[in-house]
Amino acid sequence: MTGLLVVSSIALMGARFRGCEGAERPPDEVTLPETMGGCLVDADCVSMDMCLELACAAGTCVETGLLIDGDGDRYAPVPCGNDCDDTNATVFPGATELCDGLDQDCDMRIDEGAPGIRSEGLTQGMLSAELVGMAENFAAVGVAADGTVGAFLIGSDSTESPFVVLEATSDPGTQVAAARDAGELNVVVAGGDGEPRLYVLVEAGGTLSVSGPTSIVPDTDIRLMDLALFGGQRWFVFDTLSGARVLARGMDERIMLTRGEQRPLLATDGRLVAVTEGDQIVRFFRADGTVAGEQMLPGAFGFEGLTSGDGFVYAAYDDGFDHALTQVTIDDFSTPVTAPFGDRSDRVAIHFASPRLMVTRSTPTSVGAWLFDATLTTYEATFVMDQITPFTSPPETLSPATNGADLSAIFGTYGLSDQASIAILDCR
Numbered sequence: 020m021t022g023l024l025v026v027s028s029i030a031l032m033g034a035r036f037r038g039c040e041g042a043e044r045p046p047d048e049v050t051l052p053e054t055m056g057g058c059l060v061d062a063d064c065v066s067m068d069m070c071l072e073l074a075c076a077a078g079t080c081v082e083t084g085l086l087i088d089g090d091g092d093r094y095a096p097v098p099c100g101n102d103c104d105d106t107n108a109t110v111f112p113g114a115t116e117l118c119d120g121l122d123q124d125c126d127m128r129i130d131e132g133a134p135g136i137r138s139e140g141l142t143q144g145m146l147s148a149e150l151v152g153m154a155e156n157f158a159a160v161g162v163a164a165d166g167t168v169g170a171f172l173i174g175s176d177s178t179e180s181p182f183v184v185l186e187a188t189s190d191p192g193t194q195v196a197a198a199r200d201a202g203e204l205n206v207v208v209a210g211g212d213g214e215p216r217l218y219v220l221v222e223a224g225g226t227l228s229v230s231g232p233t234s235i236v237p238d239t240d241i242r243l244m245d246l247a248l249f250g251g252q253r254w255f256v257f258d259t260l261s262g263a264r265v266l267a268r269g270m271d272e273r274i275m276l277t278r279g280e281q282r283p284l285l286a287t288d289g290r291l292v293a294v295t296e297g298d299q300i301v302r303f304f305r306a307d308g309t310v311a312g313e314q315m316l317p318g319a320f321g322f323e324g325l326t327s328g329d330g331f332v333y334a335a336y337d338d339g340f341d342h343a344l345t346q347v348t349i350d351d352f353s354t355p356v357t358a359p360f361g362d363r364s365d366r367v368a369i370h371f372a373s374p375r376l377m378v379t380r381s382t383p384t385s386v387g388a389w390l391f392d393a394t395l396t397t398y399e400a401t402f403v404m405d406q407i408t409p410f411t412s413p414p415e416t417l418s419p420a421t422n423g424a425d426l427s428a429i430f431g432t433y434g435l436s437d438q439a440s441i442a443i444l445d446c447r
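My numbering numbers the first residue of the sequence shown as 20 and each following residue consecutively.
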C-alpha cells in the first residue's frame, strides 16, 4: 500500500500542470496535446488550471477539454476564452452571423453580414429623396434625376410603382419635405420664386393619387425645411435666406426662432411637438401653439439630430468627442449614450424605427447603421455598408423609415450619378 502511494506521488510530480496564477490562457479553440506524467485513475490528474480538465488515459494525464464550456462549442467564456454566450453553441468568436438579433461572432455587432438583409439598386434614379413609411409600403419623395419632383412606392420586396410627377423644376435648390398621417402623405415643395406648394398623396391599390398643389405659407425665401403633422394640423419649420427660422401652424400663425447650423427639424413625443432652435435647444409646443418648455443639450445638434419617440423625442448631438444620443422631454434629458463606431467627422442621423431607434453614420468612404432599443441601453442590430448599398461607393444621402408593418428600410441617393437604392432590413 505504501509503495502504491509512492508511485502515485511520483506520477503526480512528473505530470505537466498549468498553474492559474500568471499562466498563459489557452486559446479559445483548445487543442488537446498529451500531458507528461503517469497516472492510475482520473483522480490522479488534478489540474491546477481552472480552465483545463485532465483525465487519465492509458496511464497518462491528458487534457480532455475545458472545465468552462457550458454549450460544448469548444470555446470558453472569460477568463478562459472569449465566448460571449456560453449557453448558445452557435455563438463564439468567428462564428457566422445569423439573422436572429444575436451577436454570433462576439464582435459586439449584431446581424452584420447576415443573410436576409438585402440592398438593391432601383430603376428610378433620384438626386435627393425622403423615405416615408406607409401602411405596408414605403414612399420615396424627392427630386428625380430628370429634374422633376415626384413620388413612388417601394414594396417590401423592393418592387417599384410608377413615378408620379408632382411638378417640373430647373431650380437646383428645390427643397422637398414629407410627412404621413393615417393614409395621407403630405408633401411640401419649395424652390424658385413662388410660395411652398402642398400636395396630398393617397395610396390606393399599390399606386399614388395626387391632389394639389395648395399654398402652405406666404414665404418665398425658404432655404431648408421640415414638415410634421400633429394635433390635426400641419406644422412647418424653415430657415430663410435672410437668416431667420420660422415655425408655422397653418397660413397665419408664425413663431420666430433662432437659426442654427444644421437644418431645422420637427418631432413629436405624442403629446407635444418639438423643434430644433439654434444649435442646442429643443423647444416644445402644445397643439394650440403655446410654448410648453425647452431643453438645452450639452452640444450642438448632429446632422438630422432630432426624431420622434414614444413619450419623448430623441436627439443626437456633438459632445466634444463623438456623437451622443439621448431621450429628451420638457423636464429633462436622459444620460447620453455614445453612438457606436465612428468619430466626430461622421454625419450621424437618427430615426425612430418603432420600437427602436435607428442610427446611421456616413463618411465619404463608408456607411453603417444600428438599431438601439427604445431606452438606448443596448443596440440590437448592426448593418454594414454592403447591406445598405449595392454600389461600391456609399450613398450621398440616407433616409430611413419604418412602415405600418414595423419593417425598416434605408433609401440612398448618389448625387449626380442617377442612382438610388433601397435596403430592406427584413431580418428584424
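Beta carbons are placed, not taken as given, at the ideal position from N, Cα and C, and that holds for glycine.
Per DSSP, the unbroken alpha helix (DSSP H) holding glutamine 406 starts and ends at 404-407. The region 370-386 and the region 107-122 do not touch, with fewer than three beta-carbon pairs separated by less than 8 Å. Within the same chain, and ignoring the five residues on either side of arginine 268 in sequence, the residues whose Cβ sits closer than 7 Å to its Cβ are Gln252, Trp254, Gly308. Per DSSP, the unbroken beta strand (DSSP E) holding glutamate 203 starts and ends at 203-209. Residues Gly144, Ala164 of the same chain have their beta carbon placed closer than 7 Å to that of aspartate 437, with the five preceding and five following residues left out of the count. Nearest Cα to serine 234 within the set Gly224, Ala428, Ser364, Leu217: Leu217. The residue among Pro98, Thr354, Asp102 with its C-alpha nearest the C-alpha of aspartate 92 is Asp102. In the three-state reduction of the DSSP assignment, leucine 435 falls in the helix class, which pools H, G and I. Looking only at Asp338, Cys70, Thr396, the smallest Cα-Cα distance to aspartate 362 is reached by Asp338. Taken through DSSP and simplified to helix, strand or coil, alanine 442 comes out as strand. Looking only at Glu149, Val229, Leu260, Val256, the smallest Cα-Cα distance to threonine 239 is reached by Leu260.
Nearest to glutamate 179 by alpha-carbon distance, out of Val160, Ala187, Pro191, is Val160. Per DSSP, phenylalanine 322 is one residue of the beta strand (DSSP E) stretching across 320-327. Rounded to whole angstroms, the separation of the alpha carbons of alanine 196 and leucine 325 is 15 Å. The Cβ neighbour count for glycine 330, taken over all protein chains shown within 10 Å, is under 16; the residue is labelled exposed. If you draw a 10 Å sphere on the C-beta of methionine 67, you find fewer than 16 other C-beta atoms in it, and that means exposed. Assignment of beta-bridge partners to phenylalanine 157 by DSSP yields Gly152, Ile173. Cβ-Cβ separation between glutamine 314 and threonine 295: approximately 11 Å, too far for a contact (criterion under 8 Å). In the same chain as proline 419, and ignoring 5 residues on each side of it, the C-beta atoms closer than 6 Å to its own belong to His370, Met377, Ile429, in chain order.
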